[in-house]
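For what it's worth, full-length UniProt numbering labels the leading residue of the sequence shown as 1, then goes sequentially. Note that CB positions come from ideal geometry on N, CA and C, so glycine has one too.
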Amino acid sequence: MDFLKGEIFAIDKPYRISSFGALAHVRYLLRKTLHQHVKIGHAGTLDPLATGVLVLCTGKMTKQIERLQQGPKEYIASLQFGATTPSYDREQTVDHTFPTRQISEDRIREALHSFEGDILQTPPSYSAVKINGDRAYSLRRSGQEVKLKPKLVHIEKIELLDFNPTVMQLTIRVACGKGTYIRALARDLGRKLDSGAFLTSLRRTRSSGFTLDDCIDFENLKSWLEDVMGPEDNESNNLLCEKKGEHELI
């Protein structure tokens with residue numbers, strides 16, 4: 001693989017690492033392996049508490065990022081009914097509780113179906129949406145009120161995978177387009193059922209043609225790079241490093 005010229009590949013982003021943090025780690029490993037700066041970007045942000053497919057582009061292939069971001073995405077999401085958090089996920093503690101007696105599997109299925117197609121969705125205030133140059137989550141964390149406008153998004157299909165009425169927990173599969181916030185879907189689903197809801201886990205299983213089976217495991221990135229570079233490439237890079245006197249480039 002020629003990372004300097006340009007490659008597109010995907011990694012399985014771990015829990016509690018931001019997309020930027022994951023990308024920075026890959027950039028560090030590429031620079032350490034190639035002994036040269038590598039241009040790199042990602043095609044679609046994942047929240048730190050989310051895991052799964054993160055598509056990366058290097059070199060000239062970074063020009064494909066906008067096109068890749070338009071591609072379909074798929075998620076497996078678990079929700080908790082009966083409560084909300086300010087961020088609509090487990091990043092923050094519960095701020096309100098709600099009744100759940102009225103929630104049944106039939107009502108859930110009917111509600112889920114109502115979110116399929118083109119819908120208006122208001123992004124979470126704890127999100128990367130920019131307001132006059134500032135990220136919405138930064139404004140919220142500094143104590144400021146944030147009001148975001150609804151945006152048109154497309155949800156192709158929502159499939160109910162599991163519902164446990166005893167603990168009021170739900171698992172769904174969501175196939176959607178660019179800009180869809182699954183945290184906002186959890187919020188809106190809770191409201192639709194006259195209750196509250198927040199995400200307990202989120203895993204992106206497909207993005208822009210890549211699936212989890214196509215992803216490189218984050219913990220094995222170093223050995224994967226060594227494998228795809230091959231002995232000849234590594235040897236020539238070492239010679240280049242010696243020539244420039246940059247043995248300890250990081």
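Let me confirm a value: residue i is counted as buried when at least 16 other C-beta atoms fall within 10 Å, else exposed. Which label applies?
i: Tyr28; result: exposed
i: Arg107; result: exposed
i: Gly117; result: exposed
i: Phe20; result: exposed
i: Gly44; result: buried
i: Arg67; result: exposed
i: Asp2; result: exposed
i: Asp188; result: buried
Who does residue i pair with in a DSSP beta bridge?
i: Val55; result: Ala10
i: Cys176; result: Lys73, Ile155
i: Asn164; result: Gln169
i: Ala197; result: Phe81
i: His42; result: Leu56
i: Ala111; result: Answer is none; Ala111 lacks a bridge partner.
i: Leu202; result: Ala50, Ala77
i: Ile119; result: Val153
i: Ile216; result: Ile11
Reducing DSSP to helix, strand and coil, say where residue i ends up.
i: Ala128; result: coil
i: Thr93; result: coil
i: Thr62; result: helix
i: Arg31; result: helix
i: Gly136; result: A small fix is needed here, since residue 136 is Ala in this sequence, not Gly. Correct three-state label for Ala136: helix.
i: His37; result: coil
i: Phe98; result: coil
i: Leu4; result: coil
i: Phe210; result: strand
i: Gly143; result: coil
i: Ile17; result: coil
i: Ser87; result: coil
i: Ile103; result: coil
i: Leu225; result: helix
i: Leu148; result: coil
Nearest to residue i by alpha carbon, out of the options?
i: Ser104; options: Cys215, Gly190, Arg90, Ala10; result: Gly190
i: Leu23; options: Val55, Thr93, Gly133; result: Val55
i: Lys13; options: Gly6, Met1, Lys5, Val26; result: Val26
i: Val146; options: Thr97, Pro123, Gly52; result: Pro123
i: Ser114; options: Met1, Ser195, Leu185, Ala10; result: Leu185
i: Pro48; options: Met168, Gln92, Ile155; result: Gln92
i: Leu120; options: Tyr181, Gly196, Ser201, Thr45; result: Tyr181
i: Cys57; options: Arg187, Glu156, Phe210; result: Phe210
i: Val153; options: Lys130, Ser195, Lys73, Met1; result: Lys73
i: Lys130; options: Trp224, Gln70, Leu148, Ser142; result: Leu148
i: Asp95; options: Ser127, Asp213, Ile40, Gly196; result: Gly196
i: Ala175; options: Leu161, Arg206, Asn164; result: Arg206
i: Gln86; options: Phe98, Gln69, Tyr126; result: According to the sequence displayed, residue 86 carries Pro and not Gln. Of the candidates Phe98, Gln69, Tyr126, the one whose C-alpha sits nearest the C-alpha of Pro86 is Tyr126.
i: Ala128; options: Arg183, Phe218, Gln64, Thr62; result: Arg183
i: Gly41; options: Leu170, Ala50, Met61, Thr33; result: Met61
i: Glu156; options: Ser78, Leu112, Gly6, Glu226; result: Leu112
i: Leu164; options: Asp2, Gly82, Thr33, Lys63; result: The identity of residue 164 in the sequence shown is Asn, whereas the question assumes Leu. If we check each option's Cα against that of Asn164, Gly82 comes out closest.
i: Leu46; options: Ser223, Pro150, Trp224, Gln69; result: Gln69
If you draw a straight line from the C-alpha of residue i to the C-alpha of residue j, how long is it?
i: Thr84; j: Thr100; result: 13 Å
i: Gln80; j: Phe198; result: 6 Å
i: Arg109; j: Gly59; result: 45 Å
i: Ser138; j: Ile8; result: 31 Å
i: Glu242; j: His35; result: Unreliable positioning characterises Glu242 in this predicted model, as indicated by a pLDDT of 44, which lies under 50. A coordinate reading is not provided.
i: Lys178; j: Ser208; result: 10 Å
i: Leu4; j: Tyr15; result: 28 Å
i: Ile11; j: Ile216; result: 5 Å
i: Ile76; j: Val167; result: 19 Å
i: Ser201; j: Arg141; result: 22 Å
i: Arg203; j: Gly52; result: 5 Å
i: Leu30; j: Ile172; result: 36 Å
i: Val38; j: Leu212; result: 25 Å
i: Ile17; j: Leu160; result: 28 Å
i: Gly71; j: Ile158; result: 17 Å
Would you check whether the ligand PLP has a heavy atom nearer than 8 Å to the C-beta of residue i?
i: Val146; result: With respect to the ligand PLP, the structure offers nothing, as it holds no ligand at all.
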